[in-house]
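Going by our numbering, the residue at position 42 of the sequence shown is 42; the numbering climbs one at a time, nothing skipped.
Ideal Cβ placement from N, Cα and C applies to all residues, glycine included.
Bear in mind the structure is a predicted one, so any value in this text is a computation, not a measurement.
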Amino acid sequence: MTALETAQIYHRHVRDTFGTHGKPDVAQGQIAYMRHQFDYFGLKMPAWTALTREIHQTLGLPDGPELIELARLCFQDDQREMQYFAIETVEKMLKKQPAGFIDFLEEMILEKSWWDSVDWIAKLVGMHFQRYPDLILPVTERWMASGELWLQRVCLIFQLRYKEKTDADLLFRYIRLVARSKEFFLQKGAGWALRQYSKTNPEAVRRFLASAEVSPLTRREGSKYL
1 MTALETAQIY HRHVRDTFGT HGKPDVAQGQ IAYMRHQFDY FGLKMPAWTA LTREIHQTLG
61 LPDGPELIEL ARLCFQDDQR EMQYFAIETV EKMLKKQPAG FIDFLEEMIL EKSWWDSVDW
121 IAKLVGMHFQ RYPDLILPVT ERWMASGELW LQRVCLIFQL RYKEKTDADL LFRYIRLVAR
181 SKEFFLQKGA GWALRQYSKT NPEAVRRFLA SAEVSPLTRR EGSKYL
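Pasting the structure below:
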């Protein structure tokens, strides 16, 4: 049996399980909250995380080509919970992945992109970069140069959990590169990154905001804890 065939069996089980437990009334609220960009089964986070855990225990965690094929199948689905399942499964297996797995993380960022999936995948990118730090500069410089909104947002926020290990020079340089952008998700992402880093090094963020031209939104978000 090929990796795709194995993934298809796994995928059908996930769809059937999620569909059986979905609640249409919950789905309507979720669809409205996400501005009608995605359909939903109607599973709130505690429900789909519990079901995901049960599925992982029953079927095991896929790896290698099967993991990638399964995630791709889930990202083809209309229901957003299927993408959540894919990201959760990838996160569980991330420590086993080679450096080149960054290419698949990029693929996931660009598929059905919205803040909920992209911000979660950004966390995985940050984890992957910690294991393979030599990837950081070439990958993020390429992403910043691409002009693609969601890739650029990931470059701004992948260090959110780095604390004292944050490469502040890199963060500040990337914020400056998008400082003139009118994109809400870039302005907000830059502010979020600054706010988070200010918990570790408030003086560095204070100096940066004193010298940099950033949007009012970025400045407001970034200075919340200063």
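- Take the alpha-carbon of Y132 and the one of I109: they are about 19 Å apart.
- Judged by DSSP secondary structure, T140 falls within the alpha helix (DSSP H) whose first and last residues are 136–146.
- Ranking K199, T20, Q130, E54 by CA distance to the CA of L43 puts T20 first.
- Between F129 and L137, the CB-CB gap reaches or exceeds 7 Å.
- In this structure the segment 49–57 touches the segment 80–92; the number of beta carbon pairs closer than 8 Å is three or more.
- Beyond the five residues adjoining it in sequence on each side, I68 comes within less than 6 Å, by CB distance, of F104 in the same chain, given in chain order.
- Boundaries of the alpha helix (DSSP H) harbouring Q57: 45–59, taken from the DSSP string.
- If you look at S117, you'll find it in the alpha helix (DSSP H) that goes 115–131.
- Nearest Cα to A193 within the set K182, S181, M34, L170: L170.
- If you draw a straight line from the Cα of W120 to the Cα of M93, it is about 15 Å long.
- Cβ neighbours of V125 within its own chain (closer than 6 Å, five residues either side excluded): L105, V154, F158.
- Relative to the Cα of T6, the nearest Cα in the group G22, A32, L160, A71 belongs to A71.
- Distance check between Y33 and each of A99, D116, F185 places D116 closest, using alpha-carbon atoms only.
- Short of 6 Å from the beta carbon of A122, and not among the five residues preceding or following it, lie these beta carbons of its own chain, in chain order: V154, I157, F158.
- Judged by DSSP in its simplified three-state form, D16 adopts helix.
- Three or more Cβ pairs closer than 8 Å define a contact, and the segment 178–186 meets that threshold against the segment 213–224.
- Boundaries of the alpha helix (DSSP H) harbouring P65: 64–76, taken from the DSSP string.
- DSSP links D39 through a beta bridge to Q79.
- For K188, the uninterrupted alpha helix (DSSP H) segment begins and ends at 184–198.
- Note on K199: under 16 other CB atoms within 10 angstroms of its CB, so exposed under the neighbour-count rule.
- Annotated three-state conformation of V205 is helix, per DSSP.
- Judged by their CB atoms, L186 and P202 are not nearer to each other than the 7 Å cut-off.
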